[in-house]
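So the structure is just underneath, and the comments pick up after that.
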Amino acid sequence: MEAQVQETTPVVVIGAGPVGLAAAAHLRAYGLPHIVLESGEQAGAAVRAWGHVRTFTPWRWIVDDEAEKLLSPTGWGRPDGDVPPTGAEIADRYLAPLAAALGTVRTRCRAVAVTRDGLDKTRTIGREARAFVVRVEHADGSVEDLAARAVIDASGTWGRRNPLGASGLPAVGEAEAAAAGTVVAALPDVLGADRARFAGKRTLVVGMGHSAAGTLRDLARLAREVPGTQAIWAIRSHTARRLYGGAGADQLADRGRLGSDLQHLVEAGEVELVAGFRTTRLELQERDGERTVTVTGTVGSARESIAGVHTVVAATGFRPDLEMLSELRLDLDPGLESPRLLAPLIDPQFHSCGTVPPHGHAELAHPGEPGFYVVGAKSYGRAPTFLIATGNEQARSVVAAIAGDAAAADEVQLVLPETGVCSTSGADAGSSTVAADPAACCGASGPATVQGAGSTKGPAAGPGPGLAQGFATGQGGGLLAGLTVLGDTGTSCASDGGGCG
Ligand SMILES: Cc1cc2nc3c(=O)[nH]c(=O)nc-3n(C[C@H](O)[C@H](O)[C@H](O)COP(=O)(O)OP(=O)(O)OC[C@H]3O[C@@H](n4cnc5c(N)ncnc54)[C@H](O)[C@@H]3O)c2cc1C
Numbered sequence: 256m257e258a259q260v261q262e263t264t265p266v267v268v269i270g271a272g273p274v275g276l277a278a279a280a281h282l283r284a285y286g287l288p289h290i291v292l293e294s295g296e297q298a299g300a301a302v303r304a305w306g307h308v309r310t311f312t313p314w315r316w317i318v319d320d321e322a323e324k325l326l327s328p329t330g331w332g333r334p335d336g337d338v339p340p341t342g343a344e345i346a347d348r349y350l351a352p353l354a355a356a357l358g359t360v361r362t363r364c365r366a367v368a369v370t371r372d373g374l375d376k377t378r379t380i381g382r383e384a385r386a387f388v389v390r391v392e393h394a395d396g397s398v399e400d401l402a403a404r405a406v407i408d409a410s411g412t413w414g415r416r417n418p419l420g421a422s423g424l425p426a427v428g429e430a431e432a433a434a435a436g437t438v439v440a441a442l443p444d445v446l447g448a449d450r451a452r453f454a455g456k457r458t459l460v461v462g463m464g465h466s467a468a469g470t471l472r473d474l475a476r477l478a479r480e481v482p483g484t485q486a487i488w489a490i491r492s493h494t495a496r497r498l499y500g501g502a503g504a505d506q507l508a509d510r511g512r513l514g515s516d517l518q519h520l521v522e523a524g525e526v527e528l529v530a531g532f533r534t535t536r537l538e539l540q541e542r543d544g545e546r547t548v549t550v551t552g553t554v555g556s557a558r559e560s561i562a563g564v565h566t567v568v569a570a571t572g573f574r575p576d577l578e579m580l581s582e583l584r585l586d587l588d589p590g591l592e593s594p595r596l597l598a599p600l601i602d603p604q605f606h607s608c609g610t611v612p613p614h615g616h617a618e619l620a621h622p623g624e625p626g627f628y629v630v631g632a633k634s635y636g637r638a639p640t641f642l643i644a645t646g647n648e649q650a651r652s653v654v655a656a657i658a659g660d661a662a663a664a665d666e667v668q669l670v671l672p673e674t675g676v677c678s679t680s681g682a683d684a685g686s687s688t689v690a691a692d693p694a695a696c697c698g699a700s701g702p703a704t705v706q707g708a709g710s711t712k713g714p715a716a717g718p719g720p721g722l723a724q725g726f727a728t729g730q731g732g733g734l735l736a737g738l739t740v741l742g743d744t745g746t747s748c749a750s751d752g753g754g755c756g
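Structure follows, in structure tokens:
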């Protein structure tokens, strides 16, 4: 007998990052039973993995309002000030207490598939009445199917870096080079835990996001301390101006500074820039017991090789895990892999200011699968412009829709800082230019509240004249530093006998 949705059937949230936990706080406020599944050892496992990185966003754009309401009676207060937290601070000072206050987070539980109970993807009749089934793999290897009245996938994209290959496929030899330890994901802890790997060595950083910039800045600092340390930076674009960006005009001050710092380092010759480079091949070399890799690509019609590289840092962005959703009727943009209606609002090729018009349940819905939503960083698919503030608003709207509170679901609000980073780039990422006047692209200055009715906005809706814009995210892309494991804040599936249900 297939499970029908009951009052007690929980909403399952996949992922205990900032957005998954914000969704849980809103579910709790509506009195909806829910479970949060987290594959890591504790809540905020992905954020902890980049714990050594300082964000660009002050606390007020990180903490969700409903989460704050839940935490306040426990004596918790939102950290003050304009100093943005590190990933570790977000995890320790916000996500860990939030997970504890919720009491619904089950750690070491990986969602591996979502489907409808008793129906495969081909079956239409009666689909909406059926509960979802979320298949969960526990840390001990056991597998369990959980019934869910609705599913909110907030599992992020941190676990999946884009390949180095310029065509979206791994470069020839990339897998071998990665297996040999010469390719690492974005955001290694250059000045901390990973210092020995980079000190006195030659490093190639590939990618043009803020994570590439941060790594290059750290490498330049290391080079001043340890002779022989070299930093090379390869980008597909013909210019790095987009990343050099807004500097003082960027309301997220640290992000503006990162771009201008990098520009100075390139101009001073401390970072060697190879622009217009499209990676095609990696070849390992071994001489006198030292392993290096030669990275070959094209620059225009010429072939160019960067030889003698000890480590390649792939700061190439992220992509979502859609395999776990392959039994659902998703309505995705074929390019960005975000929900179809959201794609034109966030497409980085056309929204080079990182414009983020207000959006909520309507843009995030999959019409063939009512009750299923992807929120948070994963909702942006391959677009790198996601910010937590946007995700908190997504979570609020989506939960209101699940709760049947249509008015609240449609009343989408966003409060965004202005950015001065206004560039336009055509379909070819190599042709970016910087608008002379930020307002020409970014609309009104200063923070502003933007309101919109999610259910009435069409796919091509833009921010409109005078409305505030979003901003390029602090995330440049890429993955991974080692997963830091601190204390457990959730209910461990493994320690309570392996049960997630
Ligand atoms: C270095 C860096 C700096 C950034 N700086 C900023 C900034 O300054 N401001 C800003 O607003 N945003 C910033 N971002 C972007 C974005 O806001 C963050 O990545 C944010 O953590 C995204 O939140 P999330 O909840 O969507 O996903 P995540 O934080 O990635 O959380 C997803 C959670 O789901 C878990 N998970 C994954 N797969 C599964 C599964 N199958 N089953 C169960 N659990 C799973 C993960 O372990 C993780 O805990 C930054 C990102 C990076 C990488």
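Heads up: the sequence shown at position 243 corresponds to 498 in my numbering, and the numbers run straight through without jumps.
C-beta: ideal position from N, C-alpha, C; glycine also.
Residue range of the alpha helix (DSSP H) that residue i falls in?
i: Glu-321; result: 320-326
i: Leu-357; result: 351-357
i: Ser-652; result: 643-658
i: Gly-342; result: 342-345
i: Leu-498; result: 496-499
i: Ala-663; result: 661-665
Roughly how many whole angstroms lie between the Cα atoms of residue i and residue j?
i: Thr-551; j: Ser-515; result: 28 Å
i: Gly-420; j: Thr-640; result: 21 Å
i: Glu-431; j: Thr-437; result: 9 Å
i: Gly-414; j: Glu-559; result: 30 Å
i: Ala-284; j: Trp-488; result: 47 Å
i: Thr-711; j: Val-274; result: Because Thr-711 sits at a pLDDT of 32, beneath the cut-off of 50, its placement in the model cannot be relied upon, and the following sentence gives the value as read from the coordinates. Computed Cα separation, rounded: 24 Å.
i: Phe-387; j: Phe-453; result: 47 Å
i: Leu-282; j: Asp-347; result: 22 Å
i: Gly-295; j: Glu-592; result: 24 Å
i: Ile-561; j: Trp-314; result: 41 Å
i: Pro-352; j: Glu-344; result: 12 Å
i: Asp-588; j: Val-526; result: 37 Å
i: Thr-412; j: Val-406; result: 17 Å
i: Tyr-635; j: His-621; result: 14 Å
i: Thr-470; j: Val-308; result: 10 Å
i: Thr-341; j: Leu-642; result: 15 Å
i: Val-567; j: Arg-491; result: 15 Å
i: Arg-333; j: Ala-280; result: 15 Å
i: Ala-301; j: Leu-537; result: 28 Å
i: Ala-409; j: Glu-541; result: 43 Å
i: Thr-549; j: Gly-623; result: 47 Å
i: Ala-661; j: Asp-473; result: 48 Å
i: Lys-376; j: Ala-655; result: 27 Å
i: His-614; j: Pro-599; result: 12 Å
i: Thr-362; j: Gly-544; result: 42 Å
i: Asp-400; j: Leu-619; result: 25 Å
Can you tell me whether residue i is buried or exposed? The criterion is at least 16 other CB atoms within 10 Å of its CB, across all chains shown.
i: His-519; result: exposed
i: Val-318; result: buried
i: Leu-424; result: exposed
i: Gly-646; result: buried
i: Ser-466; result: buried
i: Pro-603; result: buried
i: Glu-659; result: Here residue 659 turns out to be Gly, not Glu, going by the sequence shown. Burial call: exposed.
i: Lys-456; result: buried
i: Gln-649; result: buried
DSSP has residue i in a bridge; who is on the other side?
i: Gln-485; result: Arg-457
i: Gln-604; result: In the DSSP output, where bridge partners are listed per residue, Gln-604 has none listed.
i: Val-389; result: Val-369 and Leu-401
i: Tyr-628; result: Ile-407 and Ala-620
i: Glu-559; result: Gly-552
i: Leu-374; result: Arg-371
i: Thr-547; result: Gln-540
i: Arg-309; result: Thr-341
i: Pro-594; result: Leu-587
i: Val-266; result: His-289 and Ala-405
What residue range does the beta strand (DSSP E) around residue i cover?
i: Thr-534; result: 532-542
i: Glu-399; result: 398-403
i: Val-567; result: 566-569
i: Arg-361; result: 360-362
i: Val-529; result: 527-529
At the 8 Å Cβ level, is residue i part of the contact set with chain B, yes or no?
i: Thr-341; result: Protein chain content of the structure displayed is limited to a single chain, and chain B is not contained in it.
Unbroken stretches of the beta strand (DSSP E), 3 residues or longer, contained in the region 268-306: 289-292
Complete runs of the beta strand (DSSP E) confined to the region 407-485 [at least 3 residues]: The region 407-485 is shown to contain whole beta strand (DSSP E) runs of 3 or more residues at 438-440 and 457-461, in chain order.
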